[in-house]
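J.: Once you've had a glance at the structure underneath, I'll fire off some questions.
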Amino acid sequence: MPAGAPSPPAHLSSQTWAELLGLAQEEAGERAMLERCLELWREAHGASTAALYLDKGGALELEAASGPAPLPALFDPRPEPLDPTGSGAAYGWLPLAAGGLLYTPPLAAAGAAGALAGDPLTLLLAGTLKNCRLRHELKEQQFQVNYRVVELESLYDVGLAVAATLDRERLSEEILLRAVSLLDARRGALYVLEGERYLLDRTFGGEAAASFELGEPGLAAFLTGTGDPPPDLLPGARYLLAVPIAIESSPRGLLAVADKESRRGVGPFPVTNRRTLELFANQAAIALENARLHLQAIEKERLESEMSLAAEIQRQILPHGAPAVPGFQLCGWNRPARQVGGDYYDLFVRDDGRCGLVVGDVSGKGMPAALMVSTLHSALRLLFDQTGFGPTLLERLNRHILDSSAANKFITLLLAQLDPGTGDLLYLNAGHNPGLLLRRGGEVVELGSSGLPLGLLPGSRFQARSLIVAPGDLLCLYTDGITEAESPREEEFGSARLLATLREHQDQPLPVLLEAIQEATARFSQGLPQGDDQTLVLLRRDP
Amino acid sequence: MTESLKLTVDRRDGLAVIYTEGYINNQGGEEIAKAGYKLIDEGYKRLLLNLAGTKIVNSIGISILIEIIEKMIEIDGKLGFCCLTPTIEKTFQIMGLTQYAPVFSNETEAVAQLGA
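Protein sequence lines, in the order shown, are assigned to chains A and B. The first sequence lines up with residues 5 to 547 when you count with my numbering. The second sequence lines up with residues 12 to 127 when you count with my numbering.
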């Protein structure tokens, strides 16, 4: 025995005492020492069975046992008499100051509890148990610290993943799995707000309700931790925790977990878990928002691509330059307010040499109007060939437009046919702006309307009118995008300014005149965005 | 997604491989421990846990795995892991499991190393 060592209890041999000291000095030798001490204690007190239970977070777990009787892993002092093994012996237990208890049958045989407590072997046992408990607590604390690091690393990793990918499916799964595992939950679910409903995006560990109304009574209170959960959120779950997924207080979804696990079963989530779940919900919110914006950008790109295609198709519909008409100059021009527009014009020469001139305006703008322009173009060319120029053409066109368009859509149209040999001009005007014929001598003749716009009424009738385009006369057909171009003072350019521009440039080449009208409207609008599609058709008979 | 743990065991010459599929939580961990301790009782001192089918582990599952590792140390045996997801491997590193139980990227390498 080392010099200065304490004297062993009288009934322990020096050899046993040396053995115990050796165990005490071993790394992690507490358990072996505890088992040896318990064995010595049982032998010294003549007990058939003895056990030590250690208090681990409120539960008394079996730490060491000696003797043949089987003992429960958890100590429950409630049964009376204390006989969990069913042996019939009067088992008893002695609390130890170290935070556990000594359990042995029968206490009476070993003497009074007070005498046992003062027994040197009992004291040695208590000391060793205390070492075990401290070691256990140290391990537990180290485990908790490490797990806290795992939690922080998880949040960091999820943050990186959110920044690095727009794969919402993968991110949603990652976030739900991490939340479930880090909170030791048995189950979980992630909901995404679509319109006014939370729709189940994914679930883990069991079924979940398919959807919830955004304003469902009780849900908001539960999400803030002040109310009970909706009963069907995670059916069968006993303990629920859920937090909103939100961007600047605007709801995007919700994240729920259920049934926090421990070694003894499931229980409620501690208050601190709400904060952890909120941090995951924040990451989910960013992921969902990024994905939403990404989808929006893709959709916008797709729409822009489709609009570009539609604009190209529309450019193909409109004439590529003006046909040659003997004795006449002819030109046309169109500029839509958006990528595609609802204005239409056409210039063509028929087999018999007569020239067709068309200017039309579909109600509305953008893609719906452009689609109607396409319908108008194909039907008009076809009907022109079938019926020739005249009221019948417009009546049949009117029925076609009525049948193939929405109820509130209509088209104004000015259709003219010129005989270049004589200068005879026949025209039909279905609710369109009156064309302007500026005579060489300065007189102005309006080509006014002779019927309702196309597509309004099934039985509309139209009347053809005629006039002579004399040498030097100038004809201008246009849409209201020209005359209704606005100034910053909300004045309209008007037909008077158009006529003034025509007069000013009456004898100049048509491209110069066209440019003059464009400049005049642009100057008038002073940089304001073009409010409506603009179209011009100009015809001048050579002097 | 498999959520409750399914286990299969492959007993080989001197080494047993436990394949997991699903959540290693309290229940899943207990299943692994039960299988592991049974193999130890049968005399196996080298165990390989192939977690290819597991995407999620919680702290209770980890604490049970630590107990199995401690048991293996106690009997002077060897335990290894293979086919971990990056998330689980990182978790095991932080929790200290990899100090006592090596991690292998694939089963062939693991069997070669543990069986040696």
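Note that beta-carbon positions come from the ideal geometry of N, C-alpha and C, so glycine has one too. It should be emphasised that the depicted structure is a prediction, and the values quoted were computed from it without experimental measurement.
1) Taking buried to mean at least 16 other C-beta atoms within 10 Å of its own C-beta, is A301/A buried or exposed?
2) Between the Cα of L105/A and those of A504/A, E450/A, A63/A and A289/A, spot the shortest distance and give me the residue it belongs to.
3) Assign R527/A to buried or exposed, taking buried as 16 or more other Cβ atoms, counted over all protein chains shown, within 10 Å of its Cβ.
4) Among the residues of its own chain, which have a CB less than 7 angstroms from the CB of A123/B, if the five just before and after it don't count?
5) Buried or exposed: P272/A, going by 16 or more other Cβ atoms within 10 Å of its Cβ?
6) Name, please, each residue of chain A whose Cβ falls closer than 7 angstroms to the Cβ of K101/B.
7) Which chain A residues sit within Cβ distance under 7 angstroms of G107/B?
8) Can you give the Cα-Cα distance for D80/A and G88/B, rounded to whole angstroms?
9) Is the number of C-beta pairs between the stretch 206-223 of chain A and the stretch 272-289 of chain A that are closer than 8 angstroms three or more?
10) For C136/A, collect the residues of the same chain with a Cβ closer than 7 angstroms to its Cβ; drop the 5 residues on either side in sequence, then sort them by chain order.
11) DSSP three-state label for A410/A, please.
12) Within 9 angstroms (strictly less), CB to CB, does I51/B reach chain A?
13) Is DSSP giving I251/A helix, strand or coil here?
14) Of the residues that make up the stretch 176-195 of chain A, which ones have a beta carbon closer than 7 angstroms to any beta carbon in chain B?
15) Bridge partners of L332/A, per DSSP?
16) With 9 angstroms set as the bound, which would you pick, yes or no: does the beta-carbon of S116/B sit closer than that to a beta-carbon of chain A?
17) One question on the structure: do H404/A and L387/A come within less than 9 angstroms of each other, judged by their Cβ atoms?
18) Could you confirm whether any beta carbon from chain A is found closer than 9 angstroms to the beta carbon of K17/B?
19) Quick check: the Cα distance between W45/A and I105/B, rounded to an integer number of angstroms?
20) Assign V149/A to buried or exposed, taking buried as 16 or more other Cβ atoms, counted over all protein chains shown, within 10 Å of its Cβ.
21) Measuring CA to CA, which of E494/A, D423/A and Y202/A is closest to S215/A?
22) In the structure shown, what three-state DSSP assignment does L237/A receive?
23) Helix, strand or coil for C480/A per DSSP?
24) Looking at C-alpha atoms only, which residue of V275/A, E198/A, G360/A and V270/A is the closest neighbour of I249/A?
25) Please report the Cβ distance between D263/A and R191/A, rounded to the nearest whole angstrom; I am assuming they are in contact, meaning their Cβ atoms lie under 8 angstroms.
26) Please decide whether G269/A counts as near chain B, where near means a Cβ-Cβ distance under 9 angstroms.
27) Looking only at its own chain, which residues have a Cβ that is under 7 angstroms from the Cβ of A524/A, when we skip the five neighbours before and after it?
28) Is the stretch 352-365 of chain A touching the stretch 416-436 of chain A, taking contact as three or more C-beta pairs under 8 angstroms?
29) Determine, using beta-carbon pairs with one atom in the stretch 161-178 of chain A and one in the stretch 230-238 of chain A, whether at least three such pairs fall under 8 angstroms.
30) Thinking C-alpha only, which one of V28/B, I67/B, E41/B and I86/B is nearest T98/B?
31) Per DSSP, which one or two residues make a beta bridge with W337/A?
32) Just checking, does the stretch 150-160 of chain A make contact with the stretch 216-225 of chain A on the three C-beta pairs under 8 angstroms criterion?
33) If you draw a straight line from the alpha carbon of E310/A to that of G345/A, how long is it in whole angstroms?
34) Within 10 Å of its beta-carbon, does G33/B have 16 or more other beta-carbons around it, so buried, or fewer, so exposed?
35) Give the DSSP-derived three-state secondary structure of N433/A in the structure shown.
36) Under a CB-based cut-off of 9 angstroms, is Y34/B close to chain A?
T.: If we stick to the structure as given:
1) Counting the other CB atoms within 10 Å of its CB gives A301/A a total below 16, which places it among the exposed residues.
2) The candidate whose alpha carbon is nearest that of L105/A is A63/A.
3) With fewer than 16 other CB atoms across the displayed protein chains lying within 10 angstroms of its CB, R527/A is exposed.
4) Excluding residues within five positions, none has a Cβ falling inside 7 angstroms.
5) Within 10 angstroms of the beta-carbon of P272/A lie fewer than 16 other beta-carbons, which makes it exposed.
6) Under the 7 angstroms cutoff, chain A gives E157.
7) For G107/B, the chain A residues whose C-beta falls within less than 7 angstroms of its own C-beta are N150, listed in chain order.
8) Cα to Cα, D80/A sits roughly 34 angstroms from G88/B.
9) When C-beta atoms of the stretch 206-223 of chain A are compared with those of the stretch 272-289 of chain A, fewer than three pairs fall below 8 angstroms, so the two segments do not count as touching.
10) Cβ within range, chain order: E34, R35, L38, L58 and E67.
11) Note: A410/A maps to coil in three-state DSSP.
12) Not one chain A Cβ lies under 9 angstroms of I51/B.
13) I251/A sits in a strand when the DSSP states are folded into three classes.
14) Identification of residues in the stretch 176-195 of chain A having a C-beta nearer than 7 angstroms to some C-beta of chain B yields L181, V184, S185, D188 and R190, given in sequence order.
15) For the record, residue 332/A in the displayed sequence is Phe; it is not Leu. Note: F332/A sits in a beta bridge opposite V329/A and R545/A.
16) No, S116/B does not count as interfacial toward chain A.
17) Yes, these two residues count as a Cβ contact at 9 angstroms.
18) Interface criterion not met: the Cβ of K17/B is under 9 angstroms from no Cβ in chain A.
19) Taking the straight line from one Cα to the other gives about 41 angstroms.
20) It counts as exposed.
21) Checked all of E494/A, D423/A and Y202/A; the closest Cα to S215/A is Y202/A.
22) Three-state DSSP puts L237/A in coil, outside helix and strand.
23) In the structure shown, C480/A sits in a strand (DSSP, three-state: E or B).
24) For I249/A, the closest C-alpha among the options V275/A, E198/A, G360/A and V270/A is that of E198/A.
25) A Cβ-Cβ separation of about 6 angstroms places D263/A in contact with R191/A under the 8 angstroms criterion.
26) Interface residue, yes.
27) So the list reads R501 and T505, once near-sequence residues are dropped.
28) The stretch 352-365 of chain A, when compared against the stretch 416-436 of chain A, does touch it at the 8 angstroms Cβ threshold.
29) The answer is no - the stretch 230-238 of chain A does not touch the stretch 161-178 of chain A, with fewer than three Cβ pairs under 8 angstroms.
30) When only C-alpha atoms are compared, the closest one is I67/B.
31) Paired residue(s): L540/A.
32) Fewer than three beta-carbon pairs drawn from the stretch 150-160 of chain A and the stretch 216-225 of chain A are found closer than 8 angstroms, and the two stretches are therefore not classed as touching.
33) Whole-angstrom Cα-Cα distance: 14 angstroms.
34) By the neighbour-count criterion, in which 16 or more other beta carbons inside 10 Å mark a residue as buried, G33/B falls on the buried side.
35) Looking at N433/A - three-state DSSP - the assignment turns out to be strand.
36) Yes, Y34/B counts as interfacial toward chain A.
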